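Residue numbers (this note's numbering): 53 to 360. The beta carbon of each residue, even a glycine, is placed where N, CA and C say it ideally should be. Fair warning: this is a prediction, and the values are worked out from it, not measured in the lab. Notes follow once the structure below has been shown.
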Ligand SMILES: [Zn+2]
């Protein structure tokens, strides 16, 4: 027991808000904080050296759901959709609902790419040849051709690249999360729901910009490899602009069904379920197995017909 306490005091650190001097708990490695008392947002460059995230750069989405309303959202989600156990909403029990305000960086980046490579052109040709034996039927043969063509191109993008400011958060990739960014308002600590957890970050603005730059670079490189089959040269110019911080309300829910725990993440601003695990229904397994068997049968039949 005492060992556990020692461990805790080792990892949990104390910091005072540079603006109002209120205590802020944090874990070693975290560098981005919002004071829960006065709402001052800052990053810690090193101990004793702080940099304010100007109010004009920090926005938020408001949580629009109470705990009861969020439970209703989850029950609705349980009733909808295919391949979910039919009695999920009735037989499951929500055992945990936690609202967290999670910081996300939006870094404005623009990128220009020119590439050069080879594209593989394939085509087939069917030829009819007279029979080698006199009087026999003519034979048909299919000839495959391959040609490598030079291809070059150029494309550019301007976008707000998202970087999760708290790397430890287990979330689906941010580009897959639909956030109602248009509804953002300037950050105000009064709009952080009481009882909710305000998440510290470990990605400061400088790091977020670096990640945004390599992110868009990677995305351009994979886009170029989709345009050609072999990339021979690629040149991407990235311009990193301003970064803004958006604090987003996310609900982390756990429910129990037949003694197993499942988790769901929902957006507290729109009420959308971002990611949810659910047990599959009894008969769904049979349906899926049936579909797979049907596909196999169709493929076998198609091959048999084609060979004739
Ligand atoms: Zn403060």
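So, under 8 Å CB-CB, residue i and residue j are touching, yes? Tell me the CB distance rounded to an integer number of Å.
| i | j | result |
| --- | --- | --- |
| residue 158 | residue 219 | That pair is no contact at about 17 Å. |
| residue 324 | residue 318 | 7 Å |
| residue 292 | residue 161 | 5 Å |
| residue 145 | residue 307 | 6 Å |
| residue 153 | residue 244 | 6 Å |
| residue 235 | residue 151 | Between residue 151 and residue 235 the Cβ distance is about 17 Å, and since that is not below 8 Å, they are no contact. |
| residue 276 | residue 165 | 6 Å |
Give me the Cα-Cα distance between residue i and residue j, rounded to the nearest whole angstrom.
| i | j | result |
| --- | --- | --- |
| residue 334 | residue 137 | 7 Å |
| residue 96 | residue 84 | 6 Å |
| residue 73 | residue 67 | 9 Å |
| residue 310 | residue 139 | 11 Å |
| residue 328 | residue 316 | 4 Å |
| residue 141 | residue 227 | 29 Å |
| residue 104 | residue 120 | 36 Å |
| residue 176 | residue 123 | 58 Å |
| residue 268 | residue 216 | 15 Å |
| residue 78 | residue 344 | 51 Å |
| residue 99 | residue 81 | 11 Å |
| residue 208 | residue 286 | 13 Å |
| residue 89 | residue 289 | 42 Å |
| residue 312 | residue 148 | 13 Å |
| residue 167 | residue 211 | 20 Å |
| residue 92 | residue 258 | 19 Å |
| residue 266 | residue 116 | 34 Å |
| residue 156 | residue 263 | 12 Å |
| residue 111 | residue 340 | 45 Å |
| residue 336 | residue 131 | 15 Å |
| residue 86 | residue 200 | 56 Å |
| residue 359 | residue 187 | 24 Å |
| residue 75 | residue 233 | 31 Å |
| residue 253 | residue 222 | 13 Å |
| residue 57 | residue 246 | Because residue 57 carries a pLDDT of 48, less than 50, the predicted location of this residue cannot be relied on, and the following value inherits that uncertainty. Each residue's Cα considered, the two are about 28 Å apart. |
| residue 206 | residue 163 | 11 Å |
Let me know if residue i comes out buried or exposed under the rule of 16 or more other beta-carbons within 10 Å of its beta-carbon.
| i | result |
| --- | --- |
| residue 321 | buried |
| residue 346 | exposed |
| residue 129 | buried |
| residue 63 | exposed |
| residue 169 | buried |
| residue 231 | buried |
| residue 407 | What the structure shows of the chain is the stretch from 53 to 360, and residue 407 is not part of that stretch, so it cannot be assessed. |
| residue 338 | exposed |
| residue 172 | exposed |
| residue 272 | buried |
| residue 351 | exposed |
| residue 301 | buried |
| residue 55 | Low confidence applies here, because residue 55 scores a pLDDT of 47, under 50, leaving its location unreliable; read the following figure in that light. Exposed, by the Cβ-count rule. |
| residue 202 | exposed |
| residue 255 | buried |
| residue 181 | exposed |
| residue 53 | Per-residue confidence for residue 53 stands at a pLDDT of 41, beneath the threshold of 50, marking its modelled position as unreliable; the derived number appears in the next sentence. So residue 53 ends up on the exposed side. |
| residue 355 | exposed |
| residue 270 | exposed |
| residue 348 | exposed |
Determine, for residue i, whether the minimum Cβ-Cβ distance to residues of chain C falls below 8 Å.
| i | result |
| --- | --- |
| residue 192 | Structure shown: chain C not included; a single protein chain is present. |
Problem set entry | Contact the region 297–315 vs the region 187–196: 3+ CB pairs below 8 Å | Not touching, per the Cβ criterion.
Exercise. Taking a cut-off of 5 Å, which residues have a beta-carbon closer than that to any heavy atom of ligand 2, in chain order?
Worked result: Ligands displayed in this structure: ligand 1; ligand 2 is not among them.
Exercise. Would you say the region 279–293 touches the region 238–246, given that touching needs at least three Cβ pairs under 8 Å?
Worked result: Contact fails: fewer than three Cβ-Cβ distances are below 8 Å.
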